[in-house]
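Participant: My structure is below; once you've seen it, I'll send some questions.
Protein chains in written order, with my numbering: chain A, 1 to 254; chain B, 255 to 515.
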């Protein structure tokens with residue numbers, strides 16, 4: 001776990017707008033971003049700006065793109081256990097309970113069975129679900145299921161954790177609480193995290209830097225530093241100023 | 255307040271019995287009072303007496319065990335072959351392209367249309383009947399297994415890719431568990447169809463013993479008491495198989511988080 005920097009160099013991706021058509025959509029255009037180890041990056045943008053596509057490229061689910069994605073100096077190839085993800089829909093396996101679902105993250109890990117059990121329990125405690133260890137996904141709330149997904153994403157200690165609008169499907173109260181929990185988990189685990197969200201508040205609350213993306217073609221509009229101490233205070237005047245600054249980008253796009 | 259609720263729950267449970275009891279009462283009156291002098295109207299007592307005779311003389315046990323043995327044999331053969339074929343069709347694109355179109359045509363042939371061919375190839379005895387039952391069980395199992403495997407949520411398959419599941423890990427860890435509710439539907443239908451086909455087979459491939467044969471004997475000799483007895487037995491067996499399937503279904507629903515109906 002030495003130098004886990006992630007480097008996105010000249011990333012571009014095109015989709016044909018209709019199958020077989022010659023007109024192409026430029027989903028991502030020359031994305032360039034260097035992420036330091038342990039950094040929390042928030043990527044914010046309206047729908048269609050390519051932010052989720054970018055995550056899928058980093059994750060390795062999609063391998064058709066121009067440019068280079070380098071982790072630790074090495075180009076990535078396909079999916080890898082060093083890059084984890086929390087999806088917007090929790091994607092837990094309905095036939096497994098909480099403990100077994102988190103253990104899915106360790107399915108192909110070289111740890112022994114005892115070590116696996118211990119680290120699974122550790123991560124379930126990290127997200128505060130130790131009382132629900134035997135529960136099935138249908139027995140727990142959406143917020144709890146998403147916490148299980150976070151535990152699963154962290155359990156094999158990836159170098160980078162990607163979060164694709166992880167709190168988008170939750171109600172506002174749960175979302176606010178989980179944002180706080182995500183902040184403390186990040187502070188504790190010190191794993192590089194890349195959060196994609198359309199919620200500017202969330203982006204400023206959690207990120208070291210906020211990357212603002214714009215659509216058609218998907219491009220980085222600008223990158224802001226969030227130079228505020230943690231834990232962040234949403235009522236702080238500097239927080240509000242930063243948030244309004246980011247929001248102003250979106251007002252202009254109309 | 256609570257006594258009122260207790261009373262209404264009790265009457266609610268017994269409401270279902272009103273129609274059968276009234277029907278039997280009317281039937282008894284009709285035969286007792288001689289409302290019809292047709293030889294086809296037999297009294298409830300006669301049916302009960304015939305039932306008693308069938309059970310104590312051992313005829314009933316021979317018939318029902320013959321039918322059930324054939325039913326279970328056909329069910330197991332059909333479902334085993336069906337699961338194998340369904341898995342191949344669901345998991346292998348090549349196999350699906352080669353065999354799929356033929357199977358889709360094959361399954362359109364109405365089950366009972368196979369009887370003439372089966373009777374020519376296998377005769378009218380037990381072998382022919384079990385072949386017919388296996389066919390009845392096979393088709394729903396193949397269709398539902400294949401469907402279940404082809405309709406695994408792609409979201410979950412992506413999770414398997416993220417955690418670098420091998421092909422076997424994906425099949426056994428994600429696809430088969432995800433397809434299990436569908437596979438179970440196929441098995442349940444196979445159970446229902448093979449019991450229906452058991453009786454049908456006894457009508458159409460007439461040689462041998464069975465509860466269906468008992469029914470036919472009764473109808474050929476105009477012994478309606480035997481016919482009614484046969485019908486009650488067939489209904490009870492069907493009901494028990496159904497109840498057994500529901501028990502298994504409920505356990506699975508609890509596991510998959512579907513609210514029990």
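No residue lacks a Cβ here, since even glycine has one placed at the ideal position from N, Cα and C.
(1) What is the DSSP secondary structure of residue 23(A), counted as helix, strand or coil?
(2) How big is the Cα-Cα spacing for residue 76(A) and residue 63(A)?
(3) Could you tell me whether the Cβ atoms of residue 9(A) and residue 72(A) are closer together than 8 angstroms?
(4) Should residue 505(B) go down as buried or exposed, given a rule of 16 or more other Cβ atoms within 10 Å for buried?
(5) Would you mind telling me which residues of chain B sit closer than 9 angstroms to residue 81(A), beta carbon to beta carbon, in chain order?
(6) Which of the three DSSP states is assigned to residue 7(A) in this structure?
(7) Can you check the stretch 151-182 of chain A for any beta strand (DSSP E) of at least 3 residues that lies completely inside it and give the ranges in chain order?
(8) Give the DSSP bridge partners of residue 361(B), in chain order.
(9) Starting from residue 85(A), trace the beta strand (DSSP E) in both directions and tell me its first and last residue.
(10) How about residue 156(A) and residue 84(A): do their beta carbons lie closer than 8 angstroms?
(11) Applying a beta-carbon distance threshold of less than 8 angstroms, which residues of chain B neighbour residue 85(A)?
(12) Flag this pair as yes or no: are the beta carbons of residue 91(A) and residue 413(B) separated by less than 8 angstroms?
(13) Which ranges does the beta strand (DSSP E) cover as unbroken runs of at least 3 residues, wholly within the stretch 190-245 of chain A, from first to last along the chain?
(14) Short of 8 angstroms in beta carbon distance, which residues of its chain neighbour residue 52(A), apart from the five on each side in sequence? Order them along the chain.
(15) Can residue 94(A) and residue 123(A) be called in contact, C-beta distance under 8 angstroms?
(16) Quick one: residues in its chain with C-beta nearer than 8 angstroms to the C-beta of residue 12(A), no 5 flanking neighbours on either side, listed in chain order?
(17) For a contact meaning CB atoms closer than 8 angstroms, what does residue 59(A) contact in chain B?
(18) Would you list the one or two residues that DSSP bridges to residue 256(A)?
(19) In chain order, which continuous runs of the alpha helix (DSSP H) of length 4 or greater are located wholly inside the stretch 425-497 of chain B?
(20) Tell me where the alpha helix (DSSP H) around residue 403(B) begins and ends.
(21) Check the Cβ-Cβ distances between residue 40(A) and every residue of chain B, and say whether any is below 8 angstroms.
(22) Measure how close the beta-carbons of residue 221(A) and residue 210(A) come, nearest whole angstrom, since I'm counting them as under 8 angstroms.
(23) Determine, using beta carbons only, whether residue 412(B) comes closer than 8 angstroms to chain A.
(24) Pull out every residue of the stretch 83-113 of chain A whose Cβ sits closer than 7 angstroms to any Cβ of chain B, in chain order.
(25) Identify whether residue 297(B) lies in helix, strand or coil by the three-state DSSP scheme.
(26) Tell me where the beta strand (DSSP E) around residue 62(A) begins and ends.
(27) How far does the beta strand (DSSP E) with residue 69(A) in it reach, from first residue to last?
(28) Measuring CB atoms only, is the stretch 471-481 of chain B touching the stretch 298-306 of chain B, in the sense that at least three cross pairs come out at less than 8 angstroms?
(29) Does the distance from the CB of residue 321(B) to the CB of residue 452(B) come in under 8 angstroms?
(30) Check each residue of the stretch 433-448 of chain B: if its Cβ is closer than 7 angstroms to any Cβ of chain A, include it; give the result in chain order.
(31) For residue 130(A), which beta-bridge partners are listed by DSSP?
(32) For residue 409(B), which residues in chain A fall below 9 angstroms Cβ to Cβ?
(33) Can you tell me where the alpha helix (DSSP H) with residue 320(B) in it begins and where it stops?
(34) How long is the line joining the alpha carbons of residue 275(A) and residue 393(B), rounded to whole angstroms?
(35) For residue 60(A), I'd like the list of residues in its chain whose CB is within less than 8 angstroms of its CB, leaving aside the five on either flank, ordered along the chain.
(36) Pick from 42(A), 107(A), 6(A): whose alpha carbon is nearest that of residue 182(A)?
Facilitator: Quick answer:
(1) Counted from its first residue, the first chain places residue 23(A) at position 23. If DSSP states are grouped into helix, strand and coil, residue 23(A) belongs with coil.
(2) By one-based count along the first chain, residue 76(A) stands at place 76. By one-based count along the first chain, residue 63(A) stands at place 63. Here the alpha carbon of residue 76(A) sits roughly 10 angstroms from the alpha carbon of residue 63(A).
(3) Mapped onto the first chain, residue 9(A) falls at position 9. Mapped onto the first chain, residue 72(A) falls at position 72. It is not a contact, given that the beta carbons lie outside the stated cut-off.
(4) If you number the second chain from 1, residue 505(B) lands on position 251. Flag for residue 505(B) reads exposed.
(5) Position 81 of the first chain holds residue 81(A). Neighbours of residue 81(A) across chain B, judged by C-beta separation under 9 angstroms: 416, 417, 418.
(6) By one-based count along the first chain, residue 7(A) stands at place 7. In this structure, DSSP gives residue 7(A) an extended state, which the three-state scheme calls strand.
(7) The stretch 151-182 of chain A contains these whole beta strand (DSSP E) runs: 160-164.
(8) For the purposes of this step, residue 361(B) is identified with residue 107 of the second chain, where counting begins at 1. Listed as beta-bridge partners of residue 361(B) by DSSP are no residues whatsoever.
(9) The residue given as residue 85(A) occupies position 85 in the first chain. Residues 83-86.
(10) Walking along the first chain from the start, residue 156(A) turns up at place 156. Walking along the first chain from the start, residue 84(A) turns up at place 84. Going by C-beta atoms, residue 156(A) is nearer than 8 angstroms to residue 84(A).
(11) Start at 1 with the first residue of the first chain, and residue 85(A) comes out as number 85. Here the neighbours are 416.
(12) Stepping through the first chain from its first residue, residue 91(A) is reached at position 91. Stepping through the second chain from its first residue, residue 413(B) is reached at position 159. Closer than 8 angstroms, so yes.
(13) List check, beta strand (DSSP E) in window: 192-197, 209-214, 219-225.
(14) Sequence index remark: in the first chain, residue 52(A) carries index 52 (1-based). When the five nearest sequence neighbours on each side are left out, the beta carbons in the same chain lying within less than 8 angstroms of the beta carbon of residue 52(A) are those of 164, 165, 196, in order along the chain.
(15) In the first chain, counting from the first residue as 1, residue 94(A) sits at position 94. In the first chain, counting from the first residue as 1, residue 123(A) sits at position 123. For the 8 angstroms CB-CB criterion, residue 94(A) and residue 123(A) do not form a contact.
(16) As a first step, residue 12(A) must be located in the first chain, where it is residue number 12. Cβ within range, chain order: 26, 28, 29, 30, 31, 65, 66, 67.
(17) Working through the first chain from its first residue, we reach residue 59(A) at position 59. Per Cβ cutoff of 8 angstroms: 416.
(18) Absent from the model: residue 256(A). The displayed extent of chain A is 1 to 254, so no value can be given.
(19) With a minimum length of 4 residues, the continuous alpha helix (DSSP H) runs that stay inside the stretch 425-497 of chain B are 430-458, 465-474.
(20) Counted from its first residue, the second chain places residue 403(B) at position 149. It spans 380-404 - the alpha helix (DSSP H) in which residue 403(B) sits, taken as one unbroken run.
(21) What you label residue 40(A) is simply residue 40 of the first chain in a count that begins at 1. No Cβ of chain B is located within less than 8 angstroms of the beta carbon of residue 40(A).
(22) One-based indexing of the first chain puts residue 221(A) at position 221. One-based indexing of the first chain puts residue 210(A) at position 210. Incorrect: roughly 11 angstroms between the Cβ atoms, too far for contact.
(23) As a first step, residue 412(B) must be located in the second chain, where it is residue number 158. Chain A has a Cβ within less than 8 angstroms of the Cβ of residue 412(B).
(24) So the list reads 85, 89, 91, 93, 94, 95, 104, 105, 107, 108, given in the order they occur along the chain.
(25) Along the second chain, one-based indexing puts residue 297(B) at 43. Coil at residue 297(B), not helix or strand.
(26) As a position in the first chain, residue 62(A) is number 62, starting the count at 1. Residue 62(A) -> no beta strand (DSSP E), and no H or E assigned at all.
(27) What you label residue 69(A) is simply residue 69 of the first chain in a count that begins at 1. For residue 69(A), the enclosing beta strand (DSSP E) stretches over residues 66-71.
(28) Three or more pairs of CB atoms, one per stretch, sit closer than 8 angstroms, so the stretch 471-481 of chain B contacts the stretch 298-306 of chain B.
(29) Here residue 321(B) corresponds to residue number 67 of the second chain, with the count starting at 1. Here residue 452(B) corresponds to residue number 198 of the second chain, with the count starting at 1. Taking 8 angstroms as the cut-off, the beta carbon of residue 321(B) is found closer than this to the beta carbon of residue 452(B).
(30) Listed in sequence order: no entries.
(31) Along the first chain, read from residue 1 onward, the residue named residue 130(A) stands at position 130. In DSSP, residue 130(A) forms no bridge with anything.
(32) The count along the second chain starts at 1 and reaches residue 409(B) at position 155. Under the 9 angstroms cutoff, chain A gives 87, 89, 91.
(33) For this step, residue 320(B) is matched to residue 66 along the second chain. 313-345 is the span of the alpha helix (DSSP H), which, as asked, contains residue 320(B).
(34) An answer regarding residue 275(A) cannot be provided, because it is not within the stretch 1 to 254 covered by chain A.
(35) Taking the first chain and counting its residues from 1, one reaches residue 60(A) at position 60. The beta carbon of residue 60(A) sits closer than 8 angstroms to those of 76, 77, 78, 79, 80, 83, all from its chain and outside the five residues before and after it, given in chain order.
(36) To locate residue 182(A), count along the first chain from 1; it is residue 182. Checking every option, the nearest Cα to that of residue 182(A) belongs to 42(A).
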